[in-house]
Amino acid sequence: MGYIKTLNKWANAHTYYPLDLLRVSLGIFLFYKGVYFMSNLNILIDLIEPVKSVAGDMLVVHYIAPAHFVGGFLIVFGLLTRWAIIAQLPILIGAVIINFVGEMNTGNLILSLSVLAVCIFFLFYGSGKHSVDKYLKMQQ
């Protein structure tokens, strides 16, 4: 717990508006992907076709879309950011693996690797100074 507090103190001392903008844009992107996968379920099922035998397809489908939808919403506002990103990590690692197991699509690989890198950054950085988490901590 002390380690998290030191990370939060460092993040609050070194926060800038571009990092908050990056967090908000990450959340908007994940929210958009959640809505996109909910409205185009067949595309999501086709994407997970290479790993269909490893995991149940409906279980994965019912995890990916809501996790992106809710996680993106939470990340935009900076509420429970680390928990929302922890929920995104298996999905993003799976997106990278699917590019190697299935048909290689360099655009999707670069996109999933960059989103994974930004999520790992915010996993350690936290939600920042301009977030609901910080506001709620200041109200205590």
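In terms of numbering that gives the first Met the number 0, the sequence shown opens at residue 0 and continues consecutively. Just so you know, even glycine gets a beta-carbon here, dropped at the ideal spot from N, CA and C.
Residue i (DSSP reduced to helix, strand or coil)
i: histidine 129; result: coil
i: asparagine 134; result: Looking at the sequence provided, one finds tyrosine at residue 134 rather than asparagine. Looking at tyrosine 134 - three-state DSSP - the assignment turns out to be helix.
i: glutamine 87; result: helix
i: asparagine 104; result: coil
i: tyrosine 15; result: coil
i: histidine 71; result: Note that residue 71 corresponds to glycine in the displayed sequence, not to histidine. Note: glycine 71 maps to helix in three-state DSSP.
i: isoleucine 47; result: coil
i: leucine 39; result: Before going further, note that residue 39 is asparagine rather than leucine in the sequence given. Looking at asparagine 39 - three-state DSSP - the assignment turns out to be coil, as it is neither helix nor strand.
Beta-carbon proximity of residue i to residue j, cut-off 9 angstroms
i: serine 113; j: arginine 81; result: no
i: serine 130; j: phenylalanine 76; result: yes
i: leucine 66; j: isoleucine 74; result: One point to set straight first is that residue 66 is alanine, not leucine, in the sequence displayed. Against a cut-off of 9 angstroms, the Cβ pair of isoleucine 74 and alanine 66 comes out as no contact.
i: leucine 21; j: valine 117; result: yes
i: leucine 78; j: isoleucine 92; result: no
Of the listed residues the options, nearest to residue i (C-alpha basis)
i: phenylalanine 28; options: Ala64, Leu6 and Leu46; result: Ala64
i: aspartate 45; options: Val131, Pro17, Glu102 and Tyr15; result: Glu102
i: glutamate 48; options: Pro17, Ala94 and Ala66; result: Ala94
i: methionine 57; options: Phe68, Leu43 and Leu18; result: Leu43
i: isoleucine 90; options: Leu78, Leu73, His61 and Gln138; result: His61
i: phenylalanine 68; options: Gln138, Ile96, Pro17 and Met37; result: Met37
i: glycine 26; options: Trp9, Asn41, Gly71 and Gly1; result: Gly71
i: proline 17; options: Lys128, Asp132 and Gln139; result: Lys128
i: asparagine 107; options: Asp19, Lys32 and Trp9; result: Lys32
With 16 other Cβ atoms within 10 Å as the buried cut-off, status of residue i
i: valine 100; result: exposed
i: isoleucine 109; result: exposed
i: isoleucine 3; result: exposed
i: isoleucine 119; result: exposed
Cα-Cα separation between residue i and residue j, rounded to whole angstroms
i: asparagine 39; j: leucine 122; result: 29 angstroms
i: asparagine 98; j: glutamine 87; result: 17 angstroms
i: valine 34; j: tyrosine 134; result: 28 angstroms
i: threonine 105; j: isoleucine 96; result: 12 angstroms
Min CB distance residue i to chain B below 9 angstroms
i: phenylalanine 72; result: Chain labels in this structure do not include chain B; a single protein chain is all it has.
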